[in-house]
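Using our numbering, the first residue of the sequence shown is number 506, and each one after it goes up by one.
Cβ atoms here follow ideal geometry from the backbone N, Cα and C, with glycine treated the same way.
Because the structure is a prediction, the values reported are computed rather than measured.
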Amino acid sequence: MDSRLQMIASHGLWGRTAPPPPPTTALSGSRDVDVVIVGAGYTGLSAALHLAEGGARVAVLEADQIGSGGSGRNVGLVNAGMWVMPDDLPTVLGSVHGDRLLDALGNGPRLVFDTVAKYGLECEARPNGTLHCAVGRSGLAELEKRAEQWQRRGAPVRVLSAAEAAARIGTGLYAGALLDERAGTIQPLAYARGLARVAQAAGAEIFTGSAVTGYAEDGSRWRVTTADGSVTADWIIVATNAYTTAPWPEIRREIVHLPYFNFATAPLSDAQRTRILPGGEGAWDTRSVLTSFRMDAAGRLVLGSVGALRNTGRAVHRAWARRALRRLFPEIADVPFEHEWYGWIGLTDTNLPRFHRLAPRVVTFCGYNGRGISPGTVFGRCLARLVLGQLTEDDLPLPLSEPTRHSFRGAHEAVYEYGAQAAHLVGVGY
Ligand SMILES: Cc1cc2nc3c(=O)[nH]c(=O)nc-3n(C[C@H](O)[C@H](O)[C@H](O)COP(=O)(O)OP(=O)(O)OC[C@H]3O[C@@H](n4cnc5c(N)ncnc54)[C@H](O)[C@@H]3O)c2cc1C
506 MDSRLQMIAS
516 HGLWGRTAPP
526 PPPTTALSGS
536 RDVDVVIVGA
546 GYTGLSAALH
556 LAEGGARVAV
566 LEADQIGSGG
576 SGRNVGLVNA
586 GMWVMPDDLP
596 TVLGSVHGDR
606 LLDALGNGPR
616 LVFDTVAKYG
626 LECEARPNGT
636 LHCAVGRSGL
646 AELEKRAEQW
656 QRRGAPVRVL
666 SAAEAAARIG
676 TGLYAGALLD
686 ERAGTIQPLA
696 YARGLARVAQ
706 AAGAEIFTGS
716 AVTGYAEDGS
726 RWRVTTADGS
736 VTADWIIVAT
746 NAYTTAPWPE
756 IRREIVHLPY
766 FNFATAPLSD
776 AQRTRILPGG
786 EGAWDTRSVL
796 TSFRMDAAGR
806 LVLGSVGALR
816 NTGRAVHRAW
826 ARRALRRLFP
836 EIADVPFEHE
846 WYGWIGLTDT
856 NLPRFHRLAP
866 RVVTFCGYNG
876 RGISPGTVFG
886 RCLARLVLGQ
896 LTEDDLPLPL
906 SEPTRHSFRG
916 AHEAVYEYGA
926 QAAHLVGVGY
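This is the structure in structure tokens:
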């Protein structure tokens with residue numbers, strides 16, 4: 506299979522319905538720029554766009570294709586904030602960074618939707634809010650606490666009753682839901698390809714099929730190498746996150762991979778669409794092995810949960826998805842699934858992202874814990890502003906930290922992958 510077909514298969518529905526990527530080639534020969542960016546996901550592409558607009562000469566090197574990592578595989582929930590409760594952030598990060606991160610990520614969806622509008626990106630953007638759905642009384646209590654903490658900060662969030670939630674979701678299974686009006690949904694791969702197109706238009710060069718295999722000092726500058734070429738630059742932005750391959754193993758060592766899959770149905774009928782998520786919100790529930798669901802523009806329901814669609818996982822999660830669909834939305838119980846795909850979410854031990862300086866003028870943001878659409882866009886712009894001298898390291902929404910090594914990473918990854926199979930096999934939830 507050629508690499509483009511493989512890419513489309515591995516990105517499921519998103520590979521099928523995204524506009525084509527802008528033309529790119531593999532790097533060959535040598536180049537000289539101000540900034541080399543490694544990785545063409547949201548972080549790298551947002552950095553490239555803002556750097557190019559700021560007048561910097563930029564080259565992006567991507568090992569595979571644009572949006573090949575998490576940015577082309579995710580659910581497309583454009584969330585405001587992290588999993589961590591708002592009041593806990595200042596405790597964990599200190600009040601300066603805690604408040605700054607809350608502010609940056611609370612406003613993150615606005616940056617995403619404004620970027621989409623400003624450049625006319627075709628990515629099914631729907632700023633219609635998200636619904637965090639309460640499973641039982643304990644789920645509702647958690648959401649009430651989260652809502653109260655955001656409301657104190659002036660955020661437009663509110664808890665819906667079970668009846669209100671049922672009307673918006675199209676199922677009576679939940680005890681209520683937290684509506685966040687800042688958030689919404691996008692077609693994730695289309696957003697990545699759109700960012701790439703406008704970054705190119707602003708002057709950034711993007712090279713695909715160009716895995717970075719090494720980097721070394723070249724006088725006072727850096728030289729980054731691929732199989733067939735090299736780029737010399739003053740700065741390196743490492744935007745490889747959970748999909749990191751060499752030569753920055755410290756990023757991968759810090760992150761635990763959590764697998765997450767999605768199934769997409771055939772398009773639903775108009776009548777079904779008036780009952781299931783009629784307002785177009787994205788949704789997920791409060792279970793620890795969570796269930797997420799949203800509509801795409803053609804009215805396909807995209808249903809996801811924790812797990813990898815490989816080996817024994819494929820059959821287990823397929824069976825679970827059918828049961829979950831039947832239980833959540835009995836009227837579409839028999840609608841076929843037409844697409845399936847999965848990817849790796851990068852978890853950190855604090856559930857918070859990290860900012861690292863890997864060497865002088867070699868910087869990265871990573872570890873978005875499954876919340877990367879808004880953060881990738883926001884942090885990419887932060888990195889651009891840092892390089893352009895518009896911000897200092899002290900002004901960023903996260904403190905500078907050293908990469909840590911996650912103890913028992915392999916064991917944790919196996920527990921997530923096989924634990925999710927066990928949970929779905931014994932029918933937790935459905
Ligand atoms: C299944 C799934 C569901 C998710 N759902 C959501 C969601 O609903 N909402 C949300 O906000 N977030 C979600 N996330 C998280 C989100 O997708 C990521 O946090 C985000 O895409 C990270 O963007 P990034 O640019 O930092 O990294 P990525 O998009 O992963 O990009 C990194 C890129 O670096 C490249 N690369 C790696 N090593 C090298 C190298 N040596 N040389 C060159 N290139 C290299 C990779 O090929 C990759 O393209 C989900 C993630 C997954 C996997």
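Query                                                                                                                                                                  : Result
Counting only the same chain and skipping the five closest in sequence on each side, list residues whose C-beta sits under 8 Å from that of V933.                      : R792, V794
Enumerate in chain order the residues of its own chain whose CB-to-CB distance from A993 is below 6 Å, with the five nearest sequence positions on each side excluded. : Outside the modelled stretch of the chain, which goes from 506 to 935, sits residue 993, for which no answer is possible.
Report yes or no: do three or more beta-carbon pairs, one from the stretch 848-855 and one from the stretch 769-780, lie closer than 8 Å?                              : no
Can you look up I887 in the DSSP assignment and give me helix, strand or coil?                                                                                         : Rather than Ile, the amino acid found at residue 887 in this sequence is Cys. Reduced to three states, the DSSP call for C887 is helix.
Determine, using beta-carbon pairs with one atom in the stretch 600-608 and one in the stretch 753-760, whether at least three such pairs fall under 8 Å.              : no
On a Cα-Cα basis, can you pick out the residue from A927, A561, L930 that is closest to A738?                                                                          : A561
For Q895, count the other beta carbons within 10 Å of its own beta carbon; 16 or more makes it buried, fewer makes it exposed. Which is it?                            : exposed
Beta-carbon separation of G784 and R615 under 9 Å?                                                                                                                     : no
Is it right to say S666 is buried, meaning 16 or more other beta carbons lie within 10 angstroms of its own, or is it exposed?                                         : exposed
Helix or strand or just coil, what does DSSP make of M512?                                                                                                             : Low local confidence applies: a pLDDT of 49 at M512 is under 50, so the model's placement there is unreliable, with the coordinate-based value given in what follows. Reduced to three states, the DSSP call for M512 is helix.
What distance in whole Å lies between the Cβ atoms of L683 and L893, which are believed to be in contact at a cut-off of 8 Å?                                          : Not a contact, Cβ separation roughly 37 Å.
Indicate the three-state DSSP secondary structure (helix, strand or coil) for I674 in the structure shown.                                                             : helix
Cutting at 6 Å between CB atoms, please list the residues of its own chain near S810, excluding the five before and the five after it.                                 : T796
Tell me the DSSP secondary structure of F913 in three-state form.                                                                                                      : coil
CB of I742 to nearest heavy atom of ligand 1: below 8 Å?                                                                                                               : no
Mind checking which residues open and close the alpha helix (DSSP H) that includes T713?                                                                               : Taken as a continuous stretch (DSSP letters only), T713 belongs to no alpha helix (DSSP H), as it is neither H nor E.
At a cut of 8 Å, does the stretch 865-876 reach the stretch 586-597 through at least three beta carbon pairs?                                                          : yes
Note down the Cα distance separating A803 from A751, rounded to an integer number of angstroms.                                                                        : 39 Å
Nearest-angstrom Cα distance between A652 and V662?                                                                                                                    : 6 Å
When you measure from the CB of G915 to every non-hydrogen atom of ligand 1, does any distance come out below 8 Å?                                                     : no
Check whether the stretch 528-539 and the stretch 562-576 are in contact - that is, three or more C-beta pairs closer than 8 Å.                                        : yes
Going by Cα to Cα distance, which pick from G574, A813, F913, T770 is closest to L830?                                                                                 : T770
If we ignore side chains and look at the alpha-carbon of each, how far apart do A889 and H637 end up?                                                                  : 32 Å
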